[in-house]
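In UniProt numbering, the protein residues as written are 1 to 580. See below for the structure under consideration.
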């Protein structure tokens with residue numbers, strides 16, 4: 001930041017701290033008086049007078065009848081009528097909650113508590129055991145039963161003992177918990193006990209207090225840890241872009257220090273700052289410092305992405321667009337899986353799931369750590385290697401558009417004397433990034449209705465792989481004019497298919513066993529037994545793109561890409577035959 005901006009930044013920071021402190025003391029009251037209610041009954045008005053969301057007007061029924069549209073909600077003659085607007089419907093819903101709270105207060109004050117609440121439910125949490133190993137044994141999985149198939153359960157039926165008619169707690173203890181807990185466990189209030197030591201009804205609840213658990217704790221942990229990391233990585237991004245746009249980086253390039261040394265020197269302060277922020281959050285929340293380990297690969301990946309974006313953006317407007325796009329995508333990748341912590345194996349693709357598990361006291365194993373972080377470690381290494389290979393004056397201060405810059409980045413990282421070996425290496429190293437994108441599809445689509453989720457997954461996964469395989473071919477096509485004879489097109493396709501297959505299977509055998517055992521995993525990561533089939537598939541896709549480029553030029557790239565995607569998707573549809 002420049003000197004004239006820093007004082008204003010300090011003033012704004014102090015103002016933000018003061019505003020935060022005042023808000024913490026007075027509370028956030030965004031909904032005070034949001035609903036207007038007209039009432040002709042003083043008893044009903046007394047019920048709503050204690051709820052700050054309502055602005056209550058007590059008047060006679062005739063006046064209310066003359067002004068039906070003056071209020072969001074009208075309560076007259078023992079009936080409630082909402083205005084025919086979205087706000088009126090919301091007011092009616094809020095009134096329903098307020099009345100339920102009032103009714104619960106009346107019931108709780110009754111002398112015979114068990115007459116007011118004759119039914120108490122004992123809840124027992126059990127661990128979900130889901131089997132994702134069916135496709136590992138070569139079975140064909142269908143989303144719906146086939147005709148003539150027997151879907152009846154098998155095995156012995158276990159007798160369930162009759163529950164005891166007595167409770168392990170006294171009526172007075174239950175009364176105290178009911179009085180302290182919000183009626184119906186509405187909204188965010190059900191999680192207040194996490195932060196304020198609020199009421200805990202234990203195993204016994206009334207029916208109105210049973211509701212599906214929301215992953216609010218997961219969301220809190222994610223936002224608390226991730227957003228400081230985003231902001232810090234954006235500072236690193238702006239630093240790189242500043243040096244490029246203002247051409248101040250030429251001084252560093254003229255020193256004896258190599259690209260890796262310069263990159264490490266630039267990223268180290270931001271890395272230490274991120275670790276310090278995470279450590280402070282752990283101290284404040286009273287957690288274990290073990291949660292830092294899953295965050296380290298996330299931090300490194302953020303910094304690697306910040307470096308790449310800073311090296312490719314031509315202006316601060318382009319930098320803003322790329323940074324927002326990156327933060328949106330990574331938030332989805334890290335955020336959505338961790339919602340399903342302790343529910344589904346899909347949750348473990350996010351390192352933040354390990355953070356949630358650690359805060360819950362469950363912990364995680366070394367295998368879980370490898371499964372959740374391997375893609376981040378590998379992707380970080382690939383991105384940093386690509387940036388180091390292009391950390392030159394020619395690449396840093398070029399003003400090519402984004403797609404052209406990325407293509408020239410790839411071409412600069414390839415050995416011109418060994419183009420086919422370079423294609424093998426490029427496709428092998430691209431696998432971690434491709435898997436991250438495909439796992440993002442898996443997270444977003446696995447909970448949608450079948451078979452549409454499978455169809456979308458097949459198409460998106462095929463398109464992503466064909467785009468990735470075509471990058472090296474396009475880089476050679478544009479970088480070495482005249483290189484693509486028909487012989488070289490065929491050899492380039494074979495090298496691309498081999499590199500892609502090698503990287504895909506190596507990474508799958510190391511860490512993907514849990515996902516590949518599911519129906520969705522079989523769509524993305526199939527072909528363990530017959531390696532020649534996916535090899536031919538990858539080679540055919542690359543050959544289609546290369547041949548179309550040779551015949552039609554660069555304008556034919558998109559049709560060739562779509563044709564290769566169609567062939568790839570058809571292969572996957574045939575492979576899971578019967579699933580659709």
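All residues carry an ideal CB built from backbone N, CA and C; glycine is no exception. The structure displayed is predicted, hence computed values, not measured ones.
Own chain residues within Cβ distance below 6 Å of residue i, not counting five before or after
i, result
"residue 563", "544"
"residue 486", "none"
"residue 55", "33, 36"
"residue 372", "348, 351, 354"
"residue 565", "462, 463, 466"
"residue 471", "410"
"residue 333", "440"
"residue 252", "262"
"residue 20", "none"
"residue 419", "476"
"residue 75", "39, 44"
"residue 571", "537"
Beta-carbon separation (whole angstroms), residue i vs residue j, contact threshold 8 Å
i, j, result
"residue 204", "residue 169", "7 Å"
"residue 415", "residue 421", "7 Å"
"residue 432", "residue 379", "4 Å"
"residue 396", "residue 244", "5 Å"
"residue 406", "residue 496", "Going by Cβ atoms, the distance from residue 406 to residue 496 rounds to 17 Å, so no, they are not a contact pair."
"residue 568", "residue 504", "With a Cβ gap of about 13 Å, residue 568 and residue 504 do not count as contacting."
"residue 384", "residue 304", "5 Å"
"residue 240", "residue 295", "Going by Cβ atoms, the distance from residue 240 to residue 295 rounds to 22 Å, so no, they are not a contact pair."
"residue 270", "residue 232", "6 Å"
"residue 319", "residue 237", "7 Å"
"residue 299", "residue 229", "6 Å"
Residue i in three-state terms, based on DSSP
i, result
"residue 105", "helix"
"residue 314", "coil"
"residue 5", "coil"
"residue 360", "coil"
"residue 478", "helix"
"residue 294", "helix"
"residue 435", "helix"
"residue 415", "coil"
"residue 90", "helix"
"residue 242", "helix"
"residue 369", "helix"
"residue 117", "coil"
"residue 430", "helix"
"residue 156", "coil"
"residue 463", "helix"
"residue 42", "helix"
"residue 188", "Reliability of the predicted coordinates at residue 188 is poor, the pLDDT of 41 falling under 50, and the value obtained from them is presented with this limitation in mind. Residue state, collapsed to three classes: helix."
"residue 572", "helix"
"residue 487", "helix"
"residue 327", "helix"
"residue 112", "coil"
"residue 351", "helix"
"residue 258", "coil"
"residue 565", "helix"
Own chain, CB closer than 8 Å to residue i, minus 5 neighbours either side, in chain order
i, result
"residue 31", "52, 53"
"residue 71", "36, 37, 38, 57, 64, 83"
"residue 108", "116, 175, 178, 179"
"residue 480", "416, 419"
"residue 224", "281, 285"
"residue 235", "270"
Beta bridge counterpart(s) of residue i as assigned by DSSP
i, result
"residue 82", "73"
"residue 122", "204"
"residue 35", "54"
Residues of its chain near residue i, where Cβ-Cβ distance is below 7 Å and the 5 sequence neighbours each way are ignored
i, result
"residue 560", "544, 545, 548, 549"
"residue 301", "376, 379, 380"
"residue 363", "357"
"residue 553", "none"
"residue 197", "Because residue 197 sits at a pLDDT of 37, beneath the cut-off of 50, its placement in the model cannot be relied upon, and the following sentence gives the value as read from the coordinates. Excluding sequence neighbours, residue 197 sits near nothing in its chain."
"residue 94", "35, 53"
"residue 502", "428"
"residue 13", "none"
"residue 222", "334, 335, 338, 352"
"residue 491", "420"
With three or more beta-carbon pairs closer than 8 Å as the criterion, would you say the region 351-358 touches the region 278-297? Judged by Cβ distances under 8 Å, the region 351-358 makes contact with the region 278-297, as three or more pairs qualify.
Segment contact flag, the region 256-265 with the region 384-395, C-beta cutoff 8 Å, min 3 pairs: Proximity of the region 256-265 to the region 384-395 meets the contact definition, three or more beta-carbon pairs being nearer than 8 Å.
The region 455-472 / the region 429-443 touching (three or more Cβ pairs under 8 Å): The answer is yes - the region 429-443 touches the region 455-472, with three or more Cβ pairs under 8 Å.
Can we say the region 323-330 touches the region 247-257, given the rule of at least three CB pairs closer than 8 Å? Counting C-beta pairs with one atom in each stretch, the region 323-330 and the region 247-257 have fewer than three that are closer than 8 Å, which means they do not touch.
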